[in-house]
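Participant: The opening position of the sequence shown corresponds to residue 72 in the working numbering, with each subsequent residue numbered one higher.
All C-beta atoms, glycine included, are put in the ideal place defined by N, C-alpha and C.
Please read all numbers here as calculations on a predicted model, not as lab measurements.
Got a structure for you, questions after.
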Amino acid sequence: MYKRFFILHIFLICILFTQSSYAQKDTVKGPKKMYRDIENYSKKRSYFSLLYPLLFHSTKQDVPVVTNHKTKRISWKRYNNKIIRHINIRVMDPFGTSLDDTTQTSKNRLERFGNSLHKTTQNRVVQNLLLFSENQRFDSVVVVESERIVRSKRIIRQVQIKPRTIPHCKDSIDVEVRVQDCWSMVPAGSFSGTQVYSELTERNFLGWNHEVEVSNTTRFSDYAQGKSFKYTLGNLGHSLSTTSFQYISDVNKNTLYQVSWDKPFISPLTRWAGGFTINYQDYFRTLLSPEKLGQAFHFKTIYQDYWAGYSVALNHSSRFSKFIFSGRIYRLDFQQNADQIWDPTGFYFNETTTLATIGINHRSYYAEKNLFNYNIREDIPLGWLIGITSGRQFKGNQNRQYVSIRLHRGLHNHLGYHNLQGQWGSFLDGGQWIQSTVKIDYLYFSNLLPLCNWHYRLFFKSLVTIGDRRDPSLQDRINLNGLSALPDLSSGTLLGTKKWVLSLQAQTYLPGQWKGFRFCPFLNVTAGLLADSDSSFFTNKVFMKLGLGVSIYNDYLVFNRFQISVAYYPVLPDVGDHIMRLNTYRSFDFSVQDLQVNKPQLVEFQ
72 MYKRFFILHI FLICILFTQS SYAQKDTVKG PKKMYRDIEN YSKKRSYFSL
122 LYPLLFHSTK QDVPVVTNHK TKRISWKRYN NKIIRHINIR VMDPFGTSLD
172 DTTQTSKNRL ERFGNSLHKT TQNRVVQNLL LFSENQRFDS VVVVESERIV
222 RSKRIIRQVQ IKPRTIPHCK DSIDVEVRVQ DCWSMVPAGS FSGTQVYSEL
272 TERNFLGWNH EVEVSNTTRF SDYAQGKSFK YTLGNLGHSL STTSFQYISD
322 VNKNTLYQVS WDKPFISPLT RWAGGFTINY QDYFRTLLSP EKLGQAFHFK
372 TIYQDYWAGY SVALNHSSRF SKFIFSGRIY RLDFQQNADQ IWDPTGFYFN
422 ETTTLATIGI NHRSYYAEKN LFNYNIREDI PLGWLIGITS GRQFKGNQNR
472 QYVSIRLHRG LHNHLGYHNL QGQWGSFLDG GQWIQSTVKI DYLYFSNLLP
522 LCNWHYRLFF KSLVTIGDRR DPSLQDRINL NGLSALPDLS SGTLLGTKKW
572 VLSLQAQTYL PGQWKGFRFC PFLNVTAGLL ADSDSSFFTN KVFMKLGLGV
622 SIYNDYLVFN RFQISVAYYP VLPDVGDHIM RLNTYRSFDF SVQDLQVNKP
672 QLVEFQ
């Protein structure tokens with residue numbers, strides 16, 4: 072059975088790498104007339120004229136179509152070294168506007184009312200995200216990177232930066248920055264037989280690029296309440312850093328208070344990076360005995376984490392190749408922990424760890440559309456990275472050295488996009504390598520491929536984690552739970568030191584549309600294997616999940632994306648056989664890892 076299972080996956084991988092890419096064409100005809108009739112009817116009925124703009128966009132707006140080509144940019148090199156006289160920033164409302172046609176505005180009352188409820192991003196917020204300023208010389212590389220950084224912010228839907236010549240002035244130019252806002256208030260929630268969860272996020276509070284997130288959870292059995300609050304400053308001045316304050320109290324009375332500041336190497340042009348995190352946790356955790364019997368213990372911890380990094384050019388010919396140096400120190404203090412009988416190896420002991428990383432990387436980006444979002448430009452990382460980390464850990468009576476190596480490659484060719492990362496890390500104690508971790512992550516997605524009149528894109532993801540000579544404590548074990556594996560498989564007794572997760576997904580795009588709705592069905596198959604140090608992947612049970620869903624888009628709706636999914640598990644340990652779950656999987660869970668060297672860290676054993 073297992074041989075057939077792996078032969079099947081090898082066959083699927085071969086299919087992935089033997090595909091050819093084609094462009095996709097689409098048209099929008101009939102439904103536009105229907106929506107125009109609805110719009111005209113609404114104008115004749117005062118009560119419906121109030122409801123219509125809440126649900127529909129004006130039919131005068133152009134409807135985007137799916138394309139497969141990469142976004143091309145006109146070269147700006149001819150403007151290099153000219154003095155930037157003025158930077159003109161124009162921020163547009165989320166509804167009824169267009170970057171290409173600045174005269175286009177909302178056409179009805181409630182669309183204008185919706186824009187009035189939305190606080191437009193302040194011009195200085197956009198200006199602080201730019202890597203250039205007035206009276207500097209124009210640099211096309213810096214401008215392109217600035218556009219990418221602005222686009223990466225969730226408060227921005229689209230951005231265009233264009234140089235403008237000045238009549239009778241050959242040595243100076245103006246730069247025009249056009250930004251279209253996103254609707255910033257996002258509700259979310261879920262409901263199950265045991266609890267109800269609600270969340271409200273304001274991603275652009277008062278137009279300052281500040282994010283406010285509040286949530287509430289109610290458990291039905293005892294009406295226990297869980298609450299959380301998080302306030303994030305998206306950028307402090309011109310530092311390209313984020314600051315956040317967070318409070319969490321869940322239904323089990325676990326609490327967290329945290330403050331953090333982080334400035335990553337957000338761009339290959341960034342020279343300085345760093346950050347800190349300080350938190351206090353008061354929580355309960357169930358520890359397992361060797362017989363896998365559980366006992367809950369009360370923990371209280373104080374955590375402090377500080378790091379800093381610096382990058383220098385690898386050579387003068389490329390501004391995207393860097394030497395990066397970074398250092399980190401963090402300390403975890405247990406104010407209250409478990410009895411030694413349940414934690415004989417001191418897994419939950421105080422620890423202080425110092426780490427230093429030296430890395431070399433070359434990083435750039437290419438633009439892709441219709442990948443994780445519909446008709447939205449997304450920046451995909453390309454390049455390579457080599458990083459070596461070394462440090463020491465002081466934990467209890469232990470004083471041991473740590474070493475890790477990281478190799479990362481991202482490339483795009485005629486077959487599609489490939490992102491491969493390999494990591495190895497281990498402690499050296501008494502001349503022996505202990506608590507070693509090997510991780511191999513691979514992500515692939517194809518170009519848009521034809522299937523009769525349909526088009527589709529294939530995704531493939533593989534995650535291998537192998538631990539060697541791990542701590543004897545059962546707390547130092549991994550499972551198959553989590554977004555990167557099988558999110559509903561949360562058995563507390565299904566543990567191991569090795570896991571392998573394979574996931575294959577087909578994301579389809581139906582030709583045309585129906586009544587203005589575009590349907591994008593997807594099919595996902597995920598398999599997980601778990602093994603211990605004395606067993607093999609091939610001798611253990613395979614846990615499977617089959618996911619089926621559809622992403623629904625309507626270009627005339629204000630909230631133009633919906634997703635419905637169902638997952639089938641042949642077996643869920645501690646739950647039963649043939650289990651169905653609704654909306655536990657999302658088609659955009661295939662995230663792309665960036666090729667950044669940031670905070671030094673241990674190779675995560677998960």
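Put Ser211 into one of helix, strand or coil per three-state DSSP.
Facilitator: Here residue 211 refers to the residue found at position 140 of the sequence shown. Reduced to three states, the DSSP call for Ser211 is helix.
Participant: At the level of alpha carbons, what is the spacing between Ala681 and Leu573?
Facilitator: As displayed, the chain neither begins before 72 nor continues past 677, which places residue 681 out of reach and without an answer.
Participant: From Phe336 to Val509, what distance separates their C-alpha atoms?
Facilitator: Locating residue 336 in the sequence shown gives position 265, where the first residue counts as 1. Locating residue 509 in the sequence shown gives position 438, where the first residue counts as 1. Looking at the two C-alpha atoms, the distance is approximately 25 Å.
Participant: What is the C-beta distance between Pro234 and Ile244, in whole angstroms, given that I count them as a contact (C-beta under 8 Å)?
Facilitator: The count along the sequence shown starts at 1 and reaches residue 234 at position 163. The count along the sequence shown starts at 1 and reaches residue 244 at position 173. The Cβ separation is near 5 Å, so the contact holds.
Participant: DSSP state of Tyr627, grouped into three classes?
Facilitator: The count along the sequence shown starts at 1 and reaches residue 627 at position 556. With a pLDDT of only 47 at Tyr627, under the threshold of 50, the placement of this residue in the model should not be trusted, and no figure is reported.
Participant: Name the two residues that bound the continuous beta strand (DSSP E) containing Gln464.
Facilitator: If you number the sequence shown from 1, residue 464 lands on position 393. Gln464 -> beta strand (DSSP E) spans 449–466.
Participant: May I ask which residues mark the beginning and end of the beta strand (DSSP E) holding Gln375?
Facilitator: Position 304 of the sequence shown, counted from the start, is the residue given in the question as residue 375. That run of the beta strand (DSSP E) goes 365–384.
Participant: Would you tell me roughly how many angstroms separate the C-alpha atoms of Gly458 and Arg589, rounded to the nearest one?
Facilitator: Here residue 458 refers to the residue found at position 387 when the sequence shown is read from its first residue. Here residue 589 refers to the residue found at position 518 when the sequence shown is read from its first residue. If I take the Cα positions, the gap works out to 44 Å.
Participant: Would you mind sorting His309 into buried or exposed? The rule is 16 or more other CB atoms within 10 Å of its CB.
Facilitator: Position 238 of the sequence shown, counted from the start, is the residue given in the question as residue 309. It counts as exposed.
Participant: Can you list, in chain order, the residues of its chain whose CB lies under 6 Å from that of Asn408, leaving out five sequence neighbours each side?
Facilitator: Indexing the sequence shown from 1 puts residue 408 at position 337. Correct list, in chain order: Phe370, Tyr419.
Participant: How would you label Pro671, buried or exposed, when you count the other beta carbons within 10 angstroms and need 16 or more for buried?
Facilitator: Indexing the sequence shown from 1 puts residue 671 at position 600. It is buried - the Cβ of Pro671 has at least 16 other Cβ atoms within 10 Å.
Participant: Please report the residue range of the beta strand (DSSP E) in which Leu304 lies.
Facilitator: Locating residue 304 in the sequence shown gives position 233, where the first residue counts as 1. From DSSP, the beta strand (DSSP E) with Leu304 extends over 296–304.
Participant: Among Arg528, Lys569, Asn611, whose alpha-carbon lies nearest the alpha-carbon of Cys591?
Facilitator: The residue labelled residue 591 in the question sits at position 520 within the sequence shown. When only C-alpha atoms are compared, the closest one is Arg528.
Participant: Which residue from Cys253, Leu594, Ile155, Val330 puts its Cα closest to that of Lys241?
Facilitator: Position 170 of the sequence shown, counting from 1, holds the residue named residue 241. Residue Ile155 is the option with its Cα nearest to Lys241.
Participant: Quick check: Arg548 and Thr579, are their CB atoms within less than 8 Å of each other?
Facilitator: Reading the sequence shown from its first residue, position 477 is the one you call residue 548. Reading the sequence shown from its first residue, position 508 is the one you call residue 579. No, they are not a contact pair.
Participant: Using 8 Å as the threshold, is the C-beta distance between Thr176 and Gly167 below it?
Facilitator: Stepping through the sequence shown from its first residue, residue 176 is reached at position 105. Stepping through the sequence shown from its first residue, residue 167 is reached at position 96. It is a contact, given that the beta carbons lie within the stated cut-off.
Participant: Curious, which full-length alpha helix (DSSP H) runs of at least 4 residues does the region 249–329 contain?
Facilitator: For the region 249–329, not a single whole alpha helix (DSSP H) run of length 4 or above is found.
Participant: Could you say if the region 422–432 and the region 454–470 meet the contact criterion of at least three C-beta pairs nearer than 8 Å?
Facilitator: Short answer: they touch.
Participant: Can you tell which of Phe676, Val221, Ile476 has its C-alpha closest to the C-alpha of Asp542?
Facilitator: Indexing the sequence shown from 1 puts residue 542 at position 471. Selected option, being the one with the closest Cα: Phe676.
Participant: Look at the alpha carbon of Gly493 and the alpha carbon of Asp645, and state the distance between them as a whole number of angstroms.
Facilitator: Residue numbering aside, residue 493 sits at position 422 when the sequence shown is read from its first letter. Residue numbering aside, residue 645 sits at position 574 when the sequence shown is read from its first letter. One C-alpha to the other measures close to 33 Å.
Participant: Looking only at its own chain, which residues have a Cβ that is under 7 Å from the Cβ of Ile319, when we skip the five neighbours before and after it?
Facilitator: As a working note, residue 319 is residue 248 in the sequence shown. Here the set comprises Ser299, Thr326, Leu327.
Participant: Considering Cα atoms alone, identify which of Val267, Tyr302, Val250, Trp279 is closest to Asp293.
Facilitator: Your numbering for residue 293 matches position 222 in the sequence shown. Ranking Val267, Tyr302, Val250, Trp279 by Cα distance to Asp293 puts Val267 first.
Participant: Cα-Cα, which of Phe465, Arg249, Thr192, Asn206 is closest to Ser217?
Facilitator: Mapped onto the sequence shown, residue 217 falls at position 146. The shortest C-alpha separation from Ser217 is found at Arg249.
Participant: Output the distance between the C-alpha atoms of Ser636 and Pro582, rounded to the nearest integer angstrom.
Facilitator: The count along the sequence shown starts at 1 and reaches residue 636 at position 565. The count along the sequence shown starts at 1 and reaches residue 582 at position 511. Approximately 21 Å, taken between the alpha carbons.
Participant: In the structure shown, what three-state DSSP assignment does Thr416 receive?
Facilitator: By 1-based counting over the sequence shown, the position of residue 416 is 345. In this structure, Thr416 counts as coil in the three-state DSSP scheme.
Participant: If you check the beta carbons only, do Val230 and Pro452 fall under 8 Å apart?
Facilitator: Taking the first residue of the sequence shown as 1, we reach residue 230 at position 159. Taking the first residue of the sequence shown as 1, we reach residue 452 at position 381. No, they are not a contact pair.
Participant: Please report the distance separating the alpha-carbon of Pro165 from that of Lys178.
Facilitator: Here residue 165 is taken as the residue at index 94 of the sequence shown, counted from 1. Here residue 178 is taken as the residue at index 107 of the sequence shown, counted from 1. In a straight line, the C-alpha of Pro165 is about 13 Å away from that of Lys178.
Participant: Give every residue of the same chain whose Cβ lies closer than 6 Å to the Cβ of Asp35, excluding the five residues on either side of it in the sequence, and list them in chain order.
Facilitator: Any question about residue 35 goes unanswered here, given that the chain covers just 72 to 677.
Participant: Kindly provide the ranges of any beta strand (DSSP E) runs that are 3 or more residues long and lie completely inside the region 497–569, ordered along the chain.
Facilitator: The qualifying runs are 503–516, 520–522, 525–539.
Participant: Have a look at Ala384 and Gly647 and give me their C-alpha separation to the nearest angstrom.
Facilitator: As a working note, residue 384 is residue 313 in the sequence shown. As a working note, residue 647 is residue 576 in the sequence shown. Using only the alpha carbons, I get a separation of about 56 Å.
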